[in-house]
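In this note's numbering, the protein residues as written are 1204 to 1655.
Have a look at the structure below before the remarks.
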Amino acid sequence: MPSFWERLEAITGPAFLLVLAGAGVWFSIRLKFFQLLRFPTIWKETFGRMFSRKEKTSGKEAISPFQAAATALAGTMGTGNIAGVATALVGGGPGAVVWMVISSIFSMALKFAEIVLAVRYRRKNAAGELVGGPMYYIEKGMGCRWLAVLFAVLCTAASFGIGNLAQSNAVAGAMKAAFGIPKAVSGAVLAGLIGLTLCGGIQRIAKLTERVVPIMAAVYLLAAGAVLFKKWECLPEVFEVMLQEAFQPSAAAGGILGFITSRAVRLGLSRGVFSNEAGMGSAPIVHGAARTDSAVRQGFWGVVEVFLDTTVMCTVTALVILVAGEIPAGMNGAALTAAAFSTGLGTWAGSFVAISILFFAGASILGWSYYGEKALEYLSPSIRCRCWYRRIYLCAVFVGAFVSLEAVWGISDFLNLLMAIPNVAAVLILTNEVSGETARYFGNKNSGNQNL
């Protein structure tokens, strides 16, 4: 008999995917698939400008564009890249990987649109800090205060699911499996480390993530590359199976709805969204705090984020699992990923995956703490409220170590849906502003304006 969370996923899953996938397709068409056709320009205008004097930031009121992107990546590069991918493969088969990649292409355009609006409608708070995000473009752009309040409430609640419980649960499970550390100890230590960082606010979070995120991503990719190199002869067969299972005629036998609700498609898209968070309105909150003179250029970082997080990181994790051979019965999540890495790295693979999860999940918890706190700040500027939020958030980090994996994923997916609905509605209504800003940017760029 299906569990409560399985029934909830069956009900909310198709709606969640239709909302986010539809919005991604819409913006891809309206923006003429710029995320593919202009990707070299996007890469040049992001990483190519990292060391430009124009992009360097001083003072307490803002962070650099790269720091904003690193913090957003910290929020996305969590268990979705390790445990989430394994869950999608177990539930949806190899075909789910293809749908993760497909979702990432459309997610690039949607995340770009969110960030453009966040920068366009941001403002300074009482402390002189730049603040932005869906709360502000819903209120100012749409003129709908109650919907902005609803989003802020949902974002605050969601920060305890996708950005907290799911992450600490994965860390505790990985540490117990790899080193035999009791979950209570892992939860307590993780909460303590997160608490020390939170005391420094966005400046400390940004400085930490801009150093940690690139290093942990590079180390993880190098390890995965070693496994794939050792198993390179399996790759052609793996790609063939992925494509065959992704587009099986039986998946579409029941029509469009039947296709969307097939497990390969549903889990592939939902885990892709869980990983890159496009459409949820989370990343625009930190991008709204970046010092930049161009909303479009800051939006380019959103395209890069999705590319690195889902197109690269999730795909690499999936390939490592698939080249390892048949998935053992009953194995799922981080344990499955660790078993796959062990085929190329040996017995210490479990330790490597556990440490990777610790850094990935820890960074994600930090990123989401900022999202939740800024959403709460929109509801109430009281410092006391934010102090209580941090205390409760840290308690949730500890509690998350004991929550069941099934419940964590169910809660996270449901809160993701609720949070995405008001945000996507606002972004779609403000489509003309996004397309107008983008057209002006590329028009000026083509005319030779060097200030862009």
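For every residue, glycine included, the Cβ atom is placed at its ideal position computed from N, Cα and C.
Among the options, nearest to residue i - alpha-carbon criterion
i	options	result
V1526	F1510, V1509 and F1544	F1544
K1379	T1495, A1541, F1617 and G1366	A1541
L1234	L1569, V1293, A1604 and V1499	V1499
P1297	E1440, E1342 and G1603	E1440
A1623	A1291, L1368, L1357 and E1576	L1357
C1517	I1245, V1301, P1243 and L1240	V1301
Three-state secondary structure (DSSP) of residue i
i	result
A1493	strand
R1323	helix
V1506	helix
L1333	strand
T1400	helix
M1483	coil
N1656	Summary: the structure shown does not reach residue 1656, with the chain confined to residues 1204 through 1655, and so no result is reported for it.
G1646	helix
G1428	helix
V1300	helix
Cα-Cα separation between residue i and residue j, rounded to whole angstroms
i	j	result
Y1423	G1336	30 Å
G1346	K1434	55 Å
A1327	A1351	It should be noted that the sequence gives Lys, not Ala, for residue 1327. Answer to the nearest angstrom: the Cα atoms are 17 Å apart.
A1381	A1557	6 Å
G1549	A1420	20 Å
I1488	E1436	44 Å
L1561	G1646	44 Å
D1512	Q1238	15 Å
S1497	W1229	23 Å
R1643	E1636	11 Å
C1588	R1594	10 Å
A1355	M1338	6 Å
G1344	R1325	11 Å
L1597	I1524	33 Å
G1331	V1293	48 Å
L1425	G1383	26 Å
Rounded distance between the beta-carbons of residue j and residue i, thought under 8 Å
i	j	result
I1614	G1364	5 Å
A1564	Q1370	4 Å
Y1573	I1308	In fact, because the Cβ distance is near 27 Å, the residues do not count as touching under 8 Å.
A1493	A1273	In fact, because the Cβ distance is near 11 Å, the residues do not count as touching under 8 Å.
A1275	A1486	4 Å
V1304	T1514	6 Å
V1322	Q1501	5 Å
P1625	A1329	Incorrect: roughly 25 Å between the Cβ atoms, too far for contact.
Closer than 8 Å to chain D by CB, residue i
i	result
M1419	The chain inventory of the structure shown lacks chain D, comprising one protein chain alone.
> With a cut-off of 8 Å, do at least 3 Cβ pairs link the region 1306-1318 to the region 1480-1496?
Replying inline: Contact between the region 1306-1318 and the region 1480-1496 is present, because at least three Cβ pairs lie under 8 Å.
> Does the region 1435-1447 come close enough to the region 1577-1593 that 3 or more CB-CB pairs lie under 8 Å?
Replying inline: When C-beta atoms of the region 1577-1593 are compared with those of the region 1435-1447, fewer than three pairs fall below 8 Å, so the two segments do not count as touching.
> Counting Cβ pairs, one atom from each stretch, are 3 or more of them under 8 Å apart for the region 1497-1511 and the region 1408-1416?
Replying inline: Between the region 1497-1511 and the region 1408-1416, the count of Cβ pairs shorter than 8 Å is below three; the stretches do not touch.
> With contact counted as at least three CB pairs below 8 Å, one residue from each stretch, are the region 1624-1643 and the region 1383-1396 in contact?
Replying inline: The region 1624-1643, when compared against the region 1383-1396, does not touch it at the 8 Å Cβ threshold.
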